[in-house]
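Numbering (our numbering), first residue to last: 30 to 299. From the three backbone atoms N, C-alpha and C, an ideal C-beta is built for every residue, glycine too.
See below:
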């Protein structure tokens, strides 16, 4: 974005009236181990003006503790309670339904996060399958998930994202992994995380704010912006991650505000 003219358009005045901001991580706040332009100034300005903020991510390959440590290392002081992941949402969803033994396709960090909530990874007699972003995925583990679903277990997925942005380019995400199980078994997964409005509702409860007082700032159309618009909160698209102007034009979605990156939004918080 640094070689392109800055972008800022839409109903920008509405941002000054808001009391809380939900911030995506990958592609919005940072990319890999690099803060994206304006992230530090934007977060600092939120604190200076007394606004609340919560980092929201579909990438549950890490625990909130690990995310908070990464944010602090990059210069954004944070505690685990400042981060809300699709893994936490999935864990609470499963608990509410009494599904405490689940076969998990996910990273060890996700398994630990679920265990902390009371949902155990069970390879022998699970009551459901939870598919997610999994850097440790093997064909053997994928086939095991398929067999459990073919035997009648319900299939859940932490989030529908097809790819995950990295400094070296996109890599397969939860949605693609889950689609392998869906196509093989003919069973449709119940997706959680963004763009489901439950993610926004859970975040609003965490912050103690009404939906009308919130904005979601993110870089993805089919998760971030779709969720914000469906939930009726202010949708702010940044072009620092996955989405290009061409993709936005073709999508038919109309975020309330479009900006190059977080740096363009800082003056709007006064």
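Bridge partner(s) assigned by DSSP for residue i
{"i": "residue 55", "result": "59"}
{"i": "residue 173", "result": "Beta-bridge pairing links residue 173 to no other residue."}
{"i": "residue 247", "result": "266"}
{"i": "residue 134", "result": "160"}
{"i": "residue 219", "result": "185"}
{"i": "residue 22", "result": "Only positions 30 to 299 of the chain appear in the structure, and residue 22 is not among them; the question remains open."}
{"i": "residue 288", "result": "37 and 267"}
{"i": "residue 114", "result": "86"}
{"i": "residue 106", "result": "Its beta-bridge partners do not exist; DSSP assigns none."}
{"i": "residue 192", "result": "201"}
{"i": "residue 149", "result": "130"}
{"i": "residue 64", "result": "59"}
{"i": "residue 81", "result": "49"}
Beta-carbon proximity list for residue i, same chain, < 8 Å, skipping 5 on both sides
{"i": "residue 219", "result": "183, 184, 185 and 186"}
{"i": "residue 30", "result": "In this predicted model, residue 30 has a pLDDT of only 45, less than 50, meaning its place in the structure is not dependable; the value taken from the coordinates is given anyway. If we look at residue 30 and ignore the five residues flanking it on each side, its Cβ neighbours are 66, 268, 269, 289 and 290."}
{"i": "residue 171", "result": "134, 206, 209 and 210"}
{"i": "residue 78", "result": "298 and 299"}
{"i": "residue 96", "result": "54, 84, 86, 107, 109, 112 and 114"}
{"i": "residue 256", "result": "223, 224, 225, 226, 228, 229 and 245"}
{"i": "residue 197", "result": "none"}
{"i": "residue 150", "result": "131, 132, 133, 140, 143 and 144"}
Supposed close pair residue i, residue j - CB separation, criterion 8 Å
{"i": "residue 62", "j": "residue 248", "result": "Actually they are not in contact, since the Cβ atoms of residue 62 and residue 248 sit about 17 Å apart, beyond 8 Å."}
{"i": "residue 154", "j": "residue 126", "result": "So it is not a contact: roughly 17 Å between Cβ atoms."}
{"i": "residue 148", "j": "residue 123", "result": "5 Å"}
{"i": "residue 48", "j": "residue 242", "result": "4 Å"}
{"i": "residue 250", "j": "residue 272", "result": "5 Å"}
{"i": "residue 293", "j": "residue 35", "result": "6 Å"}
{"i": "residue 214", "j": "residue 175", "result": "6 Å"}
{"i": "residue 178", "j": "residue 192", "result": "Contact doesn't hold; Cβ gap of about 23 Å is too wide."}
Whether residue i touches residue j by CB criterion (8 Å)
{"i": "residue 246", "j": "residue 41", "result": "no"}
{"i": "residue 222", "j": "residue 240", "result": "no"}
{"i": "residue 163", "j": "residue 134", "result": "yes"}
{"i": "residue 110", "j": "residue 89", "result": "no"}
{"i": "residue 93", "j": "residue 112", "result": "yes"}
{"i": "residue 152", "j": "residue 132", "result": "yes"}
{"i": "residue 143", "j": "residue 121", "result": "no"}
{"i": "residue 139", "j": "residue 161", "result": "yes"}
{"i": "residue 254", "j": "residue 236", "result": "no"}
{"i": "residue 199", "j": "residue 60", "result": "no"}
{"i": "residue 50", "j": "residue 91", "result": "no"}
Contacts around residue i, its chain only, beta-carbon distance under 6 Å, and the 5 residues preceding and following it disregarded
{"i": "residue 258", "result": "264"}
{"i": "residue 44", "result": "297"}
{"i": "residue 39", "result": "285, 286 and 287"}
{"i": "residue 100", "result": "107"}
{"i": "residue 37", "result": "288 and 293"}
{"i": "residue 156", "result": "128 and 130"}
{"i": "residue 64", "result": "103"}
Cβ neighbours of residue i in the same chain (closer than 7 Å, five flanking residues each side left out)
{"i": "residue 74", "result": "295 and 298"}
{"i": "residue 190", "result": "87, 202, 203, 204 and 252"}
{"i": "residue 69", "result": "104 and 105"}
Flag this pair as touching only if the region 80-93 and the region 282-289 have three or more C-beta atom pairs under 8 Å; answer yes or no. no
Inspect the CB distances between the region 225-235 and the region 206-216 and report whether three or more fall short of 8 Å. no
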